[in-house]
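Numbering (our numbering), first residue to last: 11 to 165. Glycine residues also receive a C-beta, built at the ideal position from the N, C-alpha and C atoms. Have a look at the structure below, then the notes.
This is how it looks when you write it as structure tokens:
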């Protein structure tokens, strides 16, 4: 074993996809700070016919900037007359959360952290958004400097 200080490495599974952003809202928990909650439908399969529901919270600074820029047109949920958002997203920390429906039946939902919005269309029109990927943001938000971490993990 090497005689050196132990370093900690952080590994983050990330995924990218196209999604409908169905709802964006502020949530104030009983204990803790308010946060932005997002309900998305990620497209999968042939022509995106399969939609996977996903609950997201903001982690990336760029994603937060985009949401703040368009706060006045946030989607308000299924069936609302609010603007429709379609986006290229990057998410991390994916996990499945179980719950019980009102009728007592078990269910689960995918959840994760929204790291970046790569592109965005509101009501079918592309909108300009801040650059989603920069060198400084890669290390901070996306965990994309794995060389040292990978080498340390292999020892």
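Run of the beta strand (DSSP E) containing residue i, from where it starts to where it stops
i, result
"residue 120", "116–132"
"residue 137", "Counting along the chain, residue 137 falls outside any beta strand (DSSP E), and DSSP gives it neither H nor E."
"residue 34", "24–37"
"residue 98", "95–110"
Residue i - containing alpha helix (DSSP H), residue span
i, result
"residue 75", "71–79"
Beta-carbon gap between residue i and residue j smaller than 8 Å
i, j, result
"residue 129", "residue 98", "yes"
"residue 48", "residue 37", "no"
"residue 46", "residue 93", "no"
"residue 88", "residue 43", "no"
"residue 23", "residue 77", "no"
Counted within 10 angstroms of its Cβ, other Cβ atoms place residue i as buried (16 or more) or exposed
i, result
"residue 29", "buried"
"residue 41", "exposed"
"residue 16", "exposed"
"residue 66", "buried"
"residue 81", "exposed"
"residue 39", "exposed"
"residue 85", "buried"
"residue 50", "buried"
"residue 56", "exposed"
"residue 100", "buried"
DSSP beta-bridge partners of residue i
i, result
"residue 60", "54"
"residue 40", "Answer by DSSP bridge pairing: none, since residue 40 is not bridged."
"residue 45", "37"
"residue 170", "No answer is possible for residue 170: it lies beyond the span of the chain, which begins at 11 and ends at 165."
Quiz item: Do the stretch 66–79 and the stretch 112–127 make contact, defined as three or more Cβ pairs closer than 8 Å?
Solution: In the pairwise beta carbon analysis, the stretch 66–79 is classified as touching the stretch 112–127: at least three pairs are separated by under 8 Å.
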